[in-house]
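> Take this structure, written in C-alpha cells, and hold onto it; I'll ask about it next.
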Amino acid sequence: MSTIEKNIPISYSRKIKKETTFKTPRKQGWWVPLLLPHVANLLKAGVKCEVTRINMEHFQKKENRKQPFLFLFTHMQFLDFPVFLKESLPRKSNSASAIDTFRGVYGMLHALGRSVPVRKFKNNAELVRTISHILKKHKAVFNLAPEAQYSLDGFTLPIPDSIGKVIKHLKEPVVTINMHGHYVIGPVWGDGKLRKEFPSMPVVTYAFTPEEIEKMTPEEITTKVKELLDYNEWKTWRESGIKITYQNRAAGLEHILYKCPTCKEEYTTASSGINVWCQKCESKWELTENGLLEGVGHKTTFNTPDEWLLWEKAEVAKEIKTGTYIIEDTVRGISLPNRKQPVEVGNMAIKHTKEGMSIDGHYNNKDFKFHFPPLYCHTLQVTLNSPDFKGKPAYTGFSLDDDSIFFVPSKKGMVYKLFLAWKEFYRLNKLAIAK
Ligand SMILES: [Zn+2]
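Residues in the sequence shown are numbered from 128 upward in steps of one, following our numbering.
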C-alpha cells in the first residue's frame, strides 16, 4: 500500500479551500527594478555589505546587463533577500518562496516581487517548468535557495541531488551567491536583533556558462553547486576576527544545543545573555565575543558551538545505529491548506522511528492520519522563532500536494533532533538502495 493510501486527510469545513500552488506569475511591472534598490536598502537595515564577485565581468558588460540567469543562493536570514535582489539588478527577478510566508509584511513583499508560492520539497516538475518560463519568456532572473529554508545550525542544509539535472535541463547561465555573515548577524535561533558589528560578506560567482553545462554531467554540476554553497558560519565568525559584543548573543542557543555534553541529558539546556547552561547538572558556558565557548567554573567540553553541534549529530547517528532511536510526543498541530488560512488542528500524536514519521489527530469531528516514510523528502522543513504562526513557535512538518502539516513539539530543541535524525535515516535508506 502506498503512503498516500494510508493517509486520511484533514476534514476541513467547506469554507476552507485547499490550494495547490504553482501558477506562473505575471511579469513584474517595469517600475519594480526602479523601486527595488530603495526597498533593498530599507530591508538591509544599515548592515554593511562587502561583496566579492568572481568571474562576474561577463554580466557587467553593457550588452549582457539584462541577460537572465538562475541565481542560486544560500539561505540564512531575511537579509539574503535585499542582497540577492540588489545583485540581480537591473534585471527583473522572481523567487520561489514557501507557502507559509505569504501573509503579513512578507506577503506584501511577495506580491510586489511576484514570488512563486511553493509547498516545500513537493511539485518539483512544476517548479522547473515555472523557472524555465521565467528565464526564457520573461527574460528575468530566477532566485532559488536549494536549501529551501534558513540554516538552523550555521552549516549548509541538505541540497537536493536533483539540482544538477535541473540546471542541465534549463541550459541557462547559473550564478551562485553564498551569503557569508548573515547567520552571524542574525541567527535563526536568536532574539531577532541584528548584530550589525558584523558585515554581510556575500560571495557571488558566475558558476556555469551554458557551454560548460553542455559538457558536464548532472552529477558533476551537483557536486560543484554543493561546493560553491558550502559554509560553516561559526568558522566565518572565528576566522574574521570580528568581535560581537552584543550582550544577548547566546539567547536562544538551546534550540540547537539541546543536549548537555556534561550529563548527556536532552532538552535541559537554557540560555540568556552571553551564557548557555544545563538546568539539570548546572554546567555553564559563555559564548565569547569571538564565537568560542568557554566553561564557566569548569573546563569546557567543546571549544566552539560547531564542535558541540557535530557531537549531537554523532549522538543521534549512534542511537539510530544501535536501534534505540525513537521520538514520541504530543504536539500542537497547525495545517496550511492555503497561503492565507493557517488552521489550528489541535493536539496530535507523533511517532518517529526508522519506519518514518506518523501523525495522528482529530479535527472537525473526524480523525486524520499521515505517515511519511524515510524517503518521502530529503530533509525535514524546520522553522525556529517563526513569525508565520501565532506565538512564533519552532515547528517542523511536511508538505502534501494540497496541504501542509506542521507541528510544534512539547520541548525546545526537539525539532532540531528530529531534523538530525530525519537526515540520517534518509542517508541510510539512500545508501541501502544504492547497494
Ligand atoms: Zn547537564
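Cβ atoms here follow ideal geometry from the backbone N, Cα and C, with glycine treated the same way.
Bridge partners for N270 per DSSP, in chain order?
Start at 1 with the first residue of the sequence shown, and residue 270 comes out as number 143. For N270, which the question treats as bridged, DSSP gives the partners F198, S222.
> Once DSSP output is grouped into helix, strand and coil, what is the label at T523?
Position 396 of the sequence shown, counting from 1, holds the residue named residue 523. In the structure shown, T523 sits in a strand (DSSP, three-state: E or B).
> Quick check: the Cα distance between T389 and C408, rounded to an integer number of angstroms?
Working through the sequence shown from its first residue, we reach residue 389 at position 262. Working through the sequence shown from its first residue, we reach residue 408 at position 281. Answer to the nearest angstrom: the Cα atoms are 8 angstroms apart.
> According to DSSP, W412 sits in a beta bridge with which residue or residues?
For the purposes of this step, residue 412 is identified with residue 285 of the sequence shown, where counting begins at 1. According to DSSP, W412 bridges with V403, G422.
> Can you tell me whether T130 is buried or exposed, with buried defined as 16 or more other CB within 10 angstroms of its CB?
Within the sequence shown, residue 130 is the residue found at index 3, counting from 1. Low local confidence applies: a pLDDT of 49 at T130 is under 50, so the model's placement there is unreliable, with the coordinate-based value given in what follows. T130 comes out exposed.
> Collect the residues with a C-beta less than 6 angstroms away from any heavy atom of ligand 1 and give them in sequence order along the chain.
C387, T389, C390, E392, T395, C405, K407, C408, S410
> Thinking just about the alpha-carbon of each residue, which of L356, C387, N474 is nearest to the one in L199?
As a first step, residue 199 must be located in the sequence shown, where it is residue number 72. For L199, the nearest C-alpha among the options comes from L356.
> Could you check the C-alpha separation between F552 and L170 for me, to the nearest Å?
On the sequence shown, residue 552 is found 425 positions in, with the first residue counted as 1. On the sequence shown, residue 170 is found 43 positions in, with the first residue counted as 1. Their Cα atoms are separated by approximately 38 angstroms.
> Tell me which residue opens and which closes the beta strand (DSSP E) that E455 is part of.
On the sequence shown, residue 455 is found 328 positions in, with the first residue counted as 1. Here the beta strand (DSSP E) through E455 covers 454 to 462.
> Assuming N305 and V330 are in contact, meaning their beta carbons sit under 8 angstroms apart, how far apart are those beta carbons, in whole angstroms?
Counting from one through the sequence shown, the residue named residue 305 turns up at place 178. Counting from one through the sequence shown, the residue named residue 330 turns up at place 203. With a Cβ gap of about 5 angstroms, N305 and V330 count as contacting.
> Buried or exposed: D528, going by 16 or more other Cβ atoms within 10 Å of its Cβ?
Indexing the sequence shown from 1 puts residue 528 at position 401. Burial call: exposed.
> Can you tell me which residues form a DSSP beta bridge with Y490?
Residue numbering aside, residue 490 sits at position 363 when the sequence shown is read from its first letter. In DSSP, Y490 forms a bridge with K493.
> Go ahead and pull the three-state DSSP assignment for M475.
As a working mapping, residue 475 is identified with position 348 in the sequence shown. Three-state result, M475: strand.
> Throw me the rounded Cβ distance for the N512 and V315 pair, which I believe falls under 8 angstroms.
Start at 1 with the first residue of the sequence shown, and residue 512 comes out as number 385. Start at 1 with the first residue of the sequence shown, and residue 315 comes out as number 188. With 8 angstroms as the limit, N512 and V315 qualify as a contact, their Cβ atoms being about 6 angstroms apart.
> Opposite E393 in the DSSP bridges: which residues?
As a working note, residue 393 is residue 266 in the sequence shown. Partner(s): K386.
> Between which two residues does the beta strand (DSSP E) carrying Y333 extend?
The residue you call residue 333 lines up with position 206 of the sequence shown. Counting along the chain, the beta strand (DSSP E) containing Y333 begins and ends at 330 to 335.
> For R256, report the span of its alpha helix (DSSP H) as first-last.
As a first step, residue 256 is located in the sequence shown; it is residue number 129 there, counting from the start. From DSSP, the alpha helix (DSSP H) with R256 extends over 251 to 263.
> Compute the Euclidean distance between the alpha carbons of V311 and W364, then round it to the nearest angstrom.
Your numbering for residue 311 matches position 184 in the sequence shown. Your numbering for residue 364 matches position 237 in the sequence shown. If I take the Cα positions, the gap works out to 7 angstroms.
> Look at the alpha carbon of T228 and the alpha carbon of F208, and state the distance between them as a whole number of angstroms.
Along the sequence shown, read from residue 1 onward, the residue named residue 228 stands at position 101. Along the sequence shown, read from residue 1 onward, the residue named residue 208 stands at position 81. If I take the Cα positions, the gap works out to 13 angstroms.
> DSSP state of V178, grouped into three classes?
Counted from its first residue, the sequence shown places residue 178 at position 51. Here V178 sits in coil by DSSP.
> According to DSSP, is P244 helix, strand or coil?
Residue numbering aside, residue 244 sits at position 117 when the sequence shown is read from its first letter. In the structure shown, P244 sits in a strand (DSSP, three-state: E or B).
> On the CB-based measure, 16 or more other CB atoms within 10 Å of its CB, does H202 come out buried or exposed?
Here residue 202 is taken as the residue at index 75 of the sequence shown, counted from 1. The residue in question, H202, is buried, as its Cβ has 16 or more Cβ neighbours within 10 Å.
> Is the CB-CB distance between L507 and W549 below 7 angstroms?
Within the sequence shown, numbered from 1, the residue matching residue 507 stands at position 380. Within the sequence shown, numbered from 1, the residue matching residue 549 stands at position 422. For L507 and W549, yes; Cβs fall inside 7 angstroms.
> Distance, Cα to Cα, I435 vs L380?
As a first step, residue 435 must be located in the sequence shown, where it is residue number 308. As a first step, residue 380 must be located in the sequence shown, where it is residue number 253. Strictly speaking, residue 435 in this sequence is Trp, with Ile absent from that position. Near 11 angstroms, if we compare the C-alpha coordinates of L380 and W435.
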